[in-house]
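Colleague: Below is the structure I would like to discuss, written out as structure tokens.
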Amino acid sequence: MNRIQEINFDGIIGPSHNYAGLSLGNIASSSNAGEMSYPRQAALQGLAKMRHNLDLGLTQGFFMPLDRPNDDWLDSLGTDSDNAEPHIRAASYSASAMWAANAATISPAPDSNDSRCHLTVANLRTMPHRSHEWPGTLAQLQIAFGDKSCFAVHNPVPPAFGDEGAANHMRLCVSHDSPGVEVFVYGESGGPYPARQHIEAGKAISRTHDLSDDKVLFTQQSNEAIAAGAFHNDVVAVANGPVLFAHEQAFEHRDQFYAELEQKFPEVEIVTVPADKVSLNDAIKSYLFNAQLVTLPGNAGMALILPTEARENLAVWSYLEELIAGNGPIRKLCPVDVRQSMANGGGPACLRLRVVADPETVDQRFIASPEKLDQIAAVVEQYWPENIVPAQLAETGLKDKIRTARSALLKSCGLAQLDRG
């Protein structure tokens, strides 16, 4: 029996979650810089979203927070967490690995010529606070997907070329277990913010993943979208199965891209949100497209797992109610509260990495169940700081508390091998 299916792996929000405003081009991150964060509440919101997905009948996984502050990175800069400049110290404490959509790019076994699922860890080179994530992420991927007969886990693209993972990658397919067409979305500089995803990175990954030319497309994210704050493609477009759900202004050469996509994948169903119904600014502010577009079990159609902010935006919610009232593929709206993540610039889709595979081939320590999520929540309740302001990052007591919290979680999940030393 073929058990290949989509698994959503969410990043558990780490105990160092704070609002230091480190992400240039991420409007929410910049707007909330210096504000008080609530790590415990943030992690519990993320766990509640995972429970919600399990209740929908979806398969759910998770990744551990990374070791923070990152002493190895600070040491490579000739400093430490006590003496580093404030912006360097803040970068070393960043909990942004919680946004697992940036962990890696995934090509499922049905797409690759060697019939294995390929995962390339993202280098995240554009932003200093994320550029040091990949070794910790790679260590988890190598454990979770360690069965080499089913998976190939690759080192990052060399840092000359920026790669931000699955947030700039979409897959269109008739069903998750059938061959699909993979779309690599890249940016080009030309506005106030840097383009984080380079076409060279996408091409390198497609070659490394052993994909045939007829299964790959490259398209440019619109400069207008990047300038408006869509720092990743998943802020303006999302795909699932045969459906592409995108804003009218998502792509620089939209008509050409759509024509090429329809040629390579005639079954595609493109749902374009018109700018005169939902402006680009409203789409970005509400994170309408940073939703999990998922296939529900039992032929129940597709659902959008949205941030509650989308429900609070009149233009966005009016459009969505019209959308599900029609005869289209998206039939259900599921708002979830991830406000702590949203305030730092990451919605429901940012928090998860989609991996299409047989769940039995994955290390089961990374697969969620209601009981396991309860166990994790108990650790969070006991150890995660209640609140943090960025000025506290200089305090030794906070560093010790963060380290103790992560160690307790790793031990609880049977992953102490990921602990430092």
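Read in our numbering, the sequence shown has 146 at position 146, and its numbers run on one by one without any break. For every residue, glycine included, the Cβ atom is placed at its ideal position computed from N, Cα and C.
So the candidates are A84, I376 and P128; which of them puts its Cα closest to the Cα of A97?
Modeller: The shortest C-alpha separation from A97 is found at P128.
Colleague: Nearest to H198 by CA position, among K215, P158, A237 and V236, is which residue?
Modeller: Here the closest residue by C-alpha is P158.
Colleague: In terms of residue numbering, what span does the beta strand (DSSP E) encompassing L172 cover?
Modeller: H169 to C173 is the extent of the beta strand (DSSP E) around L172.
Colleague: Specify the secondary structure class of Q256 as computed by DSSP and reduced to three states.
Modeller: Here Q256 sits in helix by DSSP.
Colleague: Could you check the C-alpha separation between W134 and Q256 for me, to the nearest Å?
Modeller: If I take the Cα positions, the gap works out to 34 Å.
Colleague: Please check the pair L293 and H247, which I expect to be a contact at CB under 8 Å, by giving their CB distance rounded to whole angstroms.
Modeller: No, L293 and H247 are not in contact; Cβ-Cβ is about 14 Å, not under 8 Å.
Colleague: Whose C-beta lies closer than 7 Å to the C-beta of K264 among residues of the same chain, with five residues either side of it excluded?
Modeller: For K264, where only same-chain residues beyond five positions count, the Cβ hits under 7 Å are V181, D214 and L217.
Colleague: Following the continuous beta strand (DSSP E) through G422, name the residue where it begins and the one where it ends.
Modeller: No information on residue 422 is available, as it lies outside the stretch 1 to 421 that the chain covers here.
Colleague: Whose CA, out of A103, N113 and A394, lies closest to the CA of F62?
Modeller: Taking only the C-alpha atoms, the option nearest F62 is A103.
Colleague: Are the beta-carbon atoms of A201 and G162 separated by less than 8 Å?
Modeller: Yes, the pair counts as a contact, with Cβ atoms nearer than the cut-off.
Colleague: Quick check on Y186: does DSSP put it in helix, strand or coil?
Modeller: In this structure, Y186 counts as strand in the three-state DSSP scheme.
Colleague: With a cut-off of 8 Å, do at least 3 Cβ pairs link the region 109–126 to the region 339–350?
Modeller: Contact between the region 109–126 and the region 339–350 is absent, because fewer than three Cβ pairs lie under 8 Å.
Colleague: If the criterion is Cβ atoms closer than 8 Å, does the pair A237 and F289 meet it?
Modeller: Yes, the Cβ-Cβ distance between A237 and F289 is below 8 Å.
Colleague: Taking 8 Å as the cut-off, decide whether the C-beta atoms of L351 and M64 are in contact.
Modeller: Contact flag unset, no.
Colleague: What number of angstroms, rounded off, separates the C-alpha of C334 from the C-alpha of G57?
Modeller: Near 13 Å, if we compare the C-alpha coordinates of G57 and C334.
Colleague: Hey, does K148 have any beta-carbon neighbour from chain C nearer than 8 Å?
Modeller: In the displayed structure, chain C is absent; only one protein chain is listed.
Colleague: Could I get the ranges of all uninterrupted beta strand (DSSP E) runs contained in the region 80–159, with 3 residues as the minimum, in chain order?
Modeller: Fully enclosed beta strand (DSSP E) runs of 3 or longer: 104–107, 117–121 and 151–154.
Colleague: Along the beta strand (DSSP E) that carries V238, what are the first and last residues, could you check?
Modeller: First-last of the beta strand (DSSP E) with V238: A237 to N240.
Colleague: V338: which of H232, N8, I13 and I4 sits nearest, CA to CA?
Modeller: The candidate whose alpha carbon is nearest that of V338 is I13.
Colleague: For E360, which residues from the same chain have a beta carbon less than 8 Å from its beta carbon, with the 5 sequence-adjacent residues on both sides left out?
Modeller: Around E360: R3.
Colleague: State the DSSP-derived secondary structure class of D276, mapped to helix, strand or coil.
Modeller: If DSSP states are grouped into helix, strand and coil, D276 belongs with coil.
Colleague: Here's the rule I'm using: 16 or more other beta-carbon atoms within 10 Å means buried, otherwise exposed. How should A291 be labelled?
Modeller: Result: buried.
Colleague: Taking only the alpha-carbon atoms, compute the straight-line gap between S149 and H253 and give it to the nearest angstrom.
Modeller: Roughly 39 Å separates the two Cα atoms.
Colleague: Is there contact between the region 384–400 and the region 85–99, where contact requires at least three CB pairs shorter than 8 Å?
Modeller: Yes, the region 384–400 touches the region 85–99.
Colleague: Out of curiosity, what's the CA-to-CA distance linking L124 and G165?
Modeller: Each residue's alpha carbon lies about 8 Å from the other.
Colleague: Please confirm whether V355 and I7 have their CB atoms less than 8 Å apart.
Modeller: Yes, Cβ-Cβ distance for V355 and I7 is below 8 Å.
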